[in-house]
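Visitor: Just so we're aligned, residue 1 is where the sequence shown starts under UniProt numbering, counting upward by one.
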Amino acid sequence: MINVAVTGLNSFFGAPGIGVVRCLREAPEKLRIIGLDYSPFSPGLTDESVDESFLIEKGSFLDKLGKIAKKIGSYVLIPCLDSEIVYLSRYRDRIMNIGVKTLIPQFNIVKKVKDKVSQALFLEEKGIVHPRSIFQIPKNFVDLRFPLLVKSEFGVVPVFSKDELKVVYRRMKKTSRRILIQEYIRGEEYSICILAYPKGEIRQYVMQRKLVLSDFGSTLMGVTVENEKILSISKDIVGELGWIGPMEIEFRGKKNFFVTDINLRFPAWIYLSAAAGVNLPYYVILLATGRGVPESRQRTGVVLIRDVRDRYLDIFKLFKFFREFSIPEL
């Protein structure tokens, strides 16, 4: 039986780990799923779909991965947070040597799109259509048209006036070094999740049109669609990067589509891929273990609806994970 470790299980903050686990549970082979997270209050650590869980405590993230390998043997790792992709890409070869298989690019590839500013510069350099972007508040506001979006690695905030822009920018500066100010594009919103392998080649994908969004831009309801323009632009991005592994690319527009965001991992709505007949998290396992992936295409017209599920557990099960809140040294 293959061991699979999945991070990003904290669904309180919209992390995709639980969606990845649900996809893996629908795989045609039995997998032993290991859950990893940084907070003892992460719902995924105690989810019944996870066979064993580990809390990532203070210290080296890489050392923790090695300790897990010593305990359970070799495993496939599916990192579900952008910061983890950036960190692990620096140590890709070392990870393989400690018995961990994963699909991530080298750091020289990841750094081109590792944050919102890097992404805007990459898209500009490659001539890929994206919203007009600036990297600091200009002295002259004449050319700015509101609303605008202020982006950092911690999220996106819409602003509707000069005063709002100044306040939001000042607050973001306290926690983020690289901030992007971007024009707001009107139109329908789409996103595509691709799986690239071996280098810059899209092996499979699932595409959705977002029907209902949360206040933070997360998909609450979406439907699988096919759009050749979106797929073509995605192929250009993945090919130019030479990407390996999962990636989500977001678009907005009608006839002309603007690339509005790039995420370096599976999206929170990834469970839609299994429902649409292209189980991308399971395909990661196939590729990481030297097997091929099916050639089937996604089913269109499949609707995802995000809801809230309540569950209960014994408090002593929760006590197992009680530690200080910690963030890995990435």
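For glycine and all other residues, C-beta sits at the position ideal for the given N, C-alpha and C.
Measuring alpha carbon to alpha carbon, tell me which residue in E29, E153 and D37 is nearest V86.
Guide: E153
Visitor: Could you give the DSSP three-state label for N263: helix, strand or coil?
Guide: strand
Visitor: Write down every uninterrupted run of the alpha helix (DSSP H) in the region 34-99 whose length is 4 residues or greater and which is fully enclosed by it, in chain order.
Guide: 61-72, 82-89 and 92-97
Visitor: Span of the beta strand (DSSP E) holding P158?
Guide: Per DSSP, P158 belongs to the beta strand (DSSP E) from G155 to V159.
Visitor: Determine the closest residue to F107 out of R92, Q119 and P79, with distance taken between C-alpha atoms.
Guide: R92
Visitor: According to DSSP, is K317 helix, strand or coil?
Guide: helix
Visitor: Near L103, what residues of its chain come up, given a Cβ to Cβ distance below 7 Å and the 5 sequence neighbours on each side ignored?
Guide: Y197, I244, G245, V284, L287 and A288
Visitor: Can you find the residues in the same chain that come closer than 7 Å, C-beta to C-beta, to G239, ignoring five residues on each side of it along the sequence?
Guide: G200
Visitor: Please list, in chain order, all residues of the same chain as D314 whose beta carbon is under 8 Å from its beta carbon, the five residues on each side excluded.
Guide: Excluding five sequence positions before and after D314, none of the CB atoms of its chain fall closer than 8 Å to its own CB.
Visitor: What is the DSSP secondary structure of R309, reduced to helix, strand or coil?
Guide: Under the three-state reduction of DSSP, R309 is assigned to coil, being neither helix nor strand.
Visitor: Could you check where the alpha helix (DSSP H) with A275 kicks off and where it finishes?
Guide: Y271 to A275
Visitor: Am I right that G35 and L9 are in contact with their C-beta atoms under 8 Å? What's the rounded C-beta distance?
Guide: About 5 Å; that satisfies the 8 Å criterion.
Visitor: If you draw a straight line from the C-alpha of P28 to the C-alpha of A120, how long is it?
Guide: If you take the alpha carbons of P28 and A120, they lie about 39 Å apart.
Visitor: Please tell me whether R178 and V110 are closer than 8 Å, where the distance is taken between their beta carbons.
Guide: For the 8 Å CB-CB criterion, R178 and V110 do not form a contact.
Visitor: Are the Cβ atoms of Y271 and L304 separated by less than 8 Å?
Guide: In this structure, L304 lies closer than 8 Å to Y271 by Cβ.
Visitor: With DSSP collapsed to three states, give me the class of Q182.
Guide: In the structure shown, Q182 sits in a strand (DSSP, three-state: E or B).
Visitor: I need the straight-line Cα distance from N263 to I192, nearest angstrom please.
Guide: Their Cα atoms are separated by approximately 10 Å.
Visitor: Check whether the region 39-54 and the region 19-26 are in contact - that is, three or more C-beta pairs closer than 8 Å.
Guide: yes
Visitor: Give every residue of the same chain whose Cβ lies closer than 7 Å to the Cβ of S273, excluding the five residues on either side of it in the sequence, and list them in chain order.
Guide: Exclusion of the five residues before and after S273 leaves C23, C193, V206, N279 and L280 as the residues of its chain whose Cβ lies within less than 7 Å of its Cβ.
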